[in-house]
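**Q** Residue numbers for the sequence shown follow UniProt numbering, so the first one is 1 and each next one is one higher.
Think of the CB as a built atom: it goes at the ideal place given N, C-alpha and C, for glycine as much as any other residue.
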Amino acid sequence: MSEINHERFRLLVKICQLYYEDGLNQQDIAGRLGLSRPHVSRMLTTAKNEGIVKISINNPFSTEQELEKKIIEIFGIHDALIIDSGETDLNRLYAELGRTSAALIESMLRDRDIVGIMAGRTVASAAEELDFFAREGLQFVPLVGGWGPVGASWHASSNTMAFANKLKSNYWIMHAPAIVASEETGILLRQEPEIERVLQLGKQSRVAVVSIGEVNEEATMVQSGNFCSADMAFLEERGAVANLCASFLDRSGCEIDFPGKQRFIGLTARELRAVPNVIGIAGGARKVEAITAALRGKWIDILVTDAATARAIIAYHTSNESM
Numbered sequence: 001m002s003e004i005n006h007e008r009f010r011l012l013v014k015i016c017q018l019y020y021e022d023g024l025n026q027q028d029i030a031g032r033l034g035l036s037r038p039h040v041s042r043m044l045t046t047a048k049n050e051g052i053v054k055i056s057i058n059n060p061f062s063t064e065q066e067l068e069k070k071i072i073e074i075f076g077i078h079d080a081l082i083i084d085s086g087e088t089d090l091n092r093l094y095a096e097l098g099r100t101s102a103a104l105i106e107s108m109l110r111d112r113d114i115v116g117i118m119a120g121r122t123v124a125s126a127a128e129e130l131d132f133f134a135r136e137g138l139q140f141v142p143l144v145g146g147w148g149p150v151g152a153s154w155h156a157s158s159n160t161m162a163f164a165n166k167l168k169s170n171y172w173i174m175h176a177p178a179i180v181a182s183e184e185t186g187i188l189l190r191q192e193p194e195i196e197r198v199l200q201l202g203k204q205s206r207v208a209v210v211s212i213g214e215v216n217e218e219a220t221m222v223q224s225g226n227f228c229s230a231d232m233a234f235l236e237e238r239g240a241v242a243n244l245c246a247s248f249l250d251r252s253g254c255e256i257d258f259p260g261k262q263r264f265i266g267l268t269a270r271e272l273r274a275v276p277n278v279i280g281i282a283g284g285a286r287k288v289e290a291i292t293a294a295l296r297g298k299w300i301d302i303l304v305t306d307a308a309t310a311r312a313i314i315a316y317h318t319s320n321e322s323m
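1. Can you have a look at L188 and say buried or exposed, based on whether 16 or more other CB atoms are within 10 angstroms of its CB?
2. Does the distance from the CB of C228 to the CB of L143 come in under 7 Å?
3. Cutting at 8 Å between CB atoms, please list the residues of its own chain near L44, excluding the five before and the five after it.
4. In this structure, what does DSSP give as the bridge partners for S247?
5. In chain order, which alpha helix (DSSP H) runs of at least 4 residues are fully inside the stretch 64 to 130?
6. Considering only residues of the same chain and omitting the five flanking positions on each side of I173, which have a CB-CB separation below 6 Å?
7. Does the structure place the stretch 35 to 50 close enough to the stretch 250 to 270 that three or more beta carbon pairs sit under 8 Å?
8. Taking G213 and A242 to be in contact with their CB atoms under 8 Å, please state how far apart those CB atoms are, rounded to whole angstroms.
9. What is the C-beta distance between I77 and E64, in whole angstroms, given that I count them as a contact (C-beta under 8 Å)?
10. Are there any heavy atoms of the ligand SAM lying less than 6 Å away from the beta-carbon of Q139, as far as the coordinates show?
11. Using DSSP's beta-bridge definition, name the partner residues of A208.
12. What whole-angstrom Cβ distance do L97 and T122 have, given they're in contact under 8 Å?
13. According to DSSP, which residues form a beta bridge with V304?
14. Hey, out of H155, A307, Y316, E321, whose CA is closest to G88's CA?
15. When the Cα atoms are used, what is the spatial distance from G86 to T318?
16. Go through its chain and collect everything with a Cβ distance to E3's Cβ below 8 Å, but skip five positions before and after it.
17. Which of the three DSSP states, helix, strand or coil, is assigned to P38?
18. Using the beta-carbon count (16 or more within 10 Å), is H155 buried or exposed?
19. Given R135, which residues of its chain have a CB within under 6 Å of its CB, disregarding the five upstream and five downstream residues?
20. Identify which residue in K261, I74, D79, L90 has its Cα closest to the Cα of G186.
21. What's the C-alpha gap between R296 and I314?
Here it is as structure tokens:
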């Protein structure tokens with residue numbers, strides 16, 4: 001090494017020590033060594049390029065982040081947040097998903113946002129795990145009516161109130177069931193000024209927080225008591241595997257057109273698509289097919305789930321790509 005190169009190397013090392021070990025910023029280093037700040041910046045870049053500095057990140061989330069990248073790459077969504085949970089108890093799993101979702105929601109919300117809220121236990125868990133943070137002029141609005149007499153604590157309006165109360169914000173209520181007895185009643189209810197106003201606000205949401213329901217006897221809408229087994233069997237015969245707001249999806253993620261859809265009071269998946277940031281929260285083995293359908297149809301922008309479910313989604317999609 002020539003004397004000039006030796007001194008250059010010494011200077012590179014010194015700058016790196018001051019920056020990485022002593023915590024000085026580039027302007028401080030420039031002043032101390034009599035250099036310009038751009039020159040210091042170039043020297044730091046050179047040090048990395050020449051291997052003088054090697055940056056190693058001790059990342060405890062590498063496995064989950066690899067799954068996140070795969071989900072984003074396969075389905076073309078904006079983002080995915082995947083937690084490493086060994087929980088088999090659904091209530092504890094939902095609490096963990098809720099904590100992650102609450103942090104995401106805090107990072108996304110801006111002053112004067114309208115936030116659409118769906119029914120479901122995972123959405124309720126996100127509200128429960130939320131800590132107060134200050135945003136001005138937030139409005140929370142339910143995306144569907146109430147599912148029925150059972151599970152009122154996680155109906156869309158209940159979840160809406162829970163979010164608003166945590167953040168000391170304004171909220172709207174949908175004074176209507178999610179499903180009514182006839183299409184005629186559904187059409188009339190949606191024309192009621194108060195209900196129409198809430199539905200229009202839902203369409204204006206900048207952020208929506210939704211669950212993804214499966215289509216079987218364990219589904220939220222069946223457990224709620226407002227959607228009978230015969231209704232569910234009828235939809236299954238038509239290929240429905242997922243419920244998203246007031247819509248049903250087939251395995252390819254396409255919205256199913258079926259007799260009786262006017263009975264539902266709420267936003268459809270197609271109307272939800274106009275919302276710029278749709279956060280889907282779902283986990284557990286029984287939700288794999290439903291989540292995959294929602295991802296294939298690109299109905300959600302951000303998925304929050306657990307690692308076991310994410311692996312199962314990737315495996316299911318890979319083995320059923322033609323669907």
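**A** So, from the listed chains and residues:
1. So L188 counts as exposed.
2. Contact flag unset, no.
3. Within the same chain, L44 has close Cβ partners I15, C16, Y19, Q26, V53.
4. Bridge partners of S247: L244.
5. Fully enclosed alpha helix (DSSP H) runs of 4 or longer: 90 to 108, 121 to 129.
6. These residues qualify, in order along the chain: S157.
7. Fewer than three beta-carbon pairs drawn from the stretch 250 to 270 and the stretch 35 to 50 are found closer than 8 Å, and the two stretches are therefore not classed as touching.
8. Right, the Cβ-Cβ distance comes to about 7 Å (below 8 Å), so this counts as a contact.
9. Contact between I77 and E64 fails: their C-beta atoms lie close to 16 Å from each other, not under 8 Å.
10. With respect to small molecules bound, the structure shown includes none, and the ligand SAM cannot be examined in it.
11. In the DSSP output, where bridge partners are listed per residue, A208 has G116, V278.
12. With a Cβ gap of about 6 Å, L97 and T122 count as contacting.
13. Residue pairing of V304 in beta bridges, as defined by DSSP: L81, I281.
14. According to the sequence shown, residue 88 is Thr rather than Gly. With distances taken between Cα atoms, T88 lies closest to A307.
15. Inter-residue distance for G86 and T318 is about 24 Å (C-alpha atoms, whole angstroms).
16. Since pLDDT at E3 reaches only 45, below the 50 mark, its modelled position is unreliable, and no value is offered.
17. Per DSSP, reduced to three states, the secondary structure at P38 is helical.
18. Its Cβ being crowded by 16 or more others within 10 Å, H155 is buried.
19. A distance below 6 Å between beta-carbons, with the five flanking residues on each side excluded, links R135 to the following residues of its chain, in chain order: L109, D111.
20. Taking only the C-alpha atoms, the option nearest G186 is K261.
21. Approximately 11 Å between the Cα atoms of the pair.
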